[in-house]
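Peer 1: When you read off a place in the sequence shown, starting at 1, and then add 693, the result is the number in our numbering.
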Amino acid sequence: MEDVEHIEKEMKLIDANGVRLDGRKYNELRPIRIEAGVLKRADGSAYIEWGGNKVLAAVYGPREAHPRHIQDPARALVQCRYNMAPFSVSDRKRPGPDRRSVEISKVISEAFSSVVFKEQFPRTSVDIFIEVLQADAGTRCAGLTAASVALADAGVPMRDLVAACASGKIGGVVCLDLNKEEDNFGDADCPMAVVHGTGEVVLLQMDGHLTYDEFQKAMELSLGAADKLFELQRDALRRRYSVTLEEILREAPPAAPAPPPEEPREFEQMPEEPGTSPDSDKELPEDDFGPEGL
Ligand code: ADP
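1) Based on Cα-Cα distance, which residue from K862, A843 and P766 lies nearest to I823?
2) Express the C-alpha separation of I941 and D708 in angstroms, rounding to a whole number.
3) Note down, one range per segment and in chain order, each alpha helix (DSSP H) of at least 4 residues found wholly within the segment 847-919.
4) Out of curiosity, what's the CA-to-CA distance linking N710 and V795?
5) What is the DSSP secondary structure of E803, reduced to helix, strand or coil?
6) For R774, report the span of its beta strand (DSSP E) as first-last.
7) By how many angstroms is the C-alpha of P850 removed from the C-alpha of G754?
8) Below 8 Å on the Cβ atoms is my contact criterion, and I expect L826 with Q926 to pass it. Report the Cβ-Cβ distance as a whole number of Å.
9) What does DSSP give as the partner residues of L749 in its beta bridges?
10) Mark Y905 as exposed unless 16 or more other C-beta atoms lie within 10 angstroms of its C-beta, in which case mark it buried.
11) Less than 7 Å between the C-beta atoms of A767 and P815, yes or no?
12) Near G983, which residues of its chain fall below 7 Å by C-beta distance, leaving aside the five closest residues on each side in sequence?
13) Please go through the same chain and pick out, in chain order, the residues whose beta-carbon is closer than 7 Å to the beta-carbon of A1005, but skip the five residues on each side of it.
14) Ordered along the chain, which non-local residues of its own chain (more than five positions away) have a Cβ less than 7 Å from that of S1074?
15) Taking 7 Å as the threshold (C-beta atoms), are L871 and A918 in contact?
16) Counting only the same chain and skipping the five closest in sequence on each side, list residues whose C-beta sits under 6 Å from that of R852.
17) Using the Cβ count rule (16 or more neighbours within 10 Å means buried), how would you classify S783?
18) My output table needs one value for G716: the three-state DSSP class, helix, strand or coil.
19) Mark K910 as exposed unless 16 or more other C-beta atoms lie within 10 angstroms of its C-beta, in which case mark it buried.
20) Please determine, among E955, R933 and H762, the residue with the shortest C-alpha to C-alpha distance to G730.
21) DSSP three-state call for T937: helix, strand or coil?
22) Can you tell me which of the three DSSP states A729 falls into?
23) Using only alpha-carbon positions, find the residue among G892, P953, D882 and K705 that is nearest to G831.
24) Thinking F878 and L706 are a contact (beta carbons under 8 Å), I'd like their distance in whole angstroms, please.
25) For M899, which residues in the same chain have their Cβ closer than 6 Å to its Cβ, ignoring the five residues on either side in sequence?
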């Protein structure tokens, strides 16, 4: 315990010029990259790299909910499983669910529950899987942001995309998007998820303490970040679904051009009805079975 307090005192998370350990300013996000449709077997998927975080999200459904007794005859269930791989942190994490992952799964499924049009799919479930491959603080926000893209990729009808980002307090300064050191040795961390179109907050948690004014500032920073995240989510979906002319041509090459219409002849003779001419025997067309048929 003494050791931690000593490190906390020694570690200057933000300097006098407002520059953080990784060189960011108080209102800067870590570099983020999102890719949609990265898994073939899932109905929808996305991969996100957010600073040191690497997270995969996969979505199935809406599909018949199993076991049957969990089915809701009026709406779909939105279920989420957040999991951290044993190799995602520096000390091997014990595999399997723990209190933290159960909590994160619950808050993420509740966040999506309020945007998915559940009433359209009674008795079904929409299953979201979030796999953290590498963790560096902010994994629930990264997972939720990727899961939103995966839901859209799966074609699950939703009111809008949801994006999440945390803000917190380090060295007495309210900052956006804390990394691992800032999360461990900072004063507070407050993850927040926002529905793009409406600005509704669908996830809000707090670890540590913020005054009312600090909370207002944190919220302002997270809402601004959500707008940037939405752009990245939309770009990822655009890259997945916009096709170039070359791709269309490769899929279905153009048909050979139709021959030009024949010029009508000036005195066109009407063809004779078969069997009406004196040598009609000769004119009867042969069918597939020869001149006599079968
Ligand atoms: P979030 O990842 O959403 O910020 P936490 O605040 O609970 O969630 O965790 C912060 C960070 O602490 C994680 O991103 C991860 O780097 C680290 N961490 C969480 N759980 C463990 C664990 N069981 N073992 C080692 N490191 C962990």
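Where is the CB? At the ideal position from N, CA and C, for every residue including glycine. Owing to the predicted nature of the structure, the values given are computational and were not obtained by experimental measurement.
Peer 2: Short version:
1) A843
2) 54 Å
3) 873-878
4) 40 Å
5) helix
6) L770 to M777
7) 11 Å
8) The pair is not a contact, with the Cβ atoms about 19 Å apart (cut-off 8 Å).
9) Y740 and E824
10) exposed
11) yes
12) Only weak support is given to the placement of G983: the predicted model assigns it a pLDDT of 47, under 50, and the question is left unresolved by the model.
13) The structure shown does not extend to residue 1005, since the chain is modelled only from 694 to 987, so the question has no answer here.
14) Within the shown structure, residues of the chain are numbered from 694 to 987, placing residue 1074 beyond reach of any answer.
15) no
16) V808
17) exposed
18) coil
19) buried
20) R933
21) coil
22) strand
23) D882
24) 6 Å
25) C883
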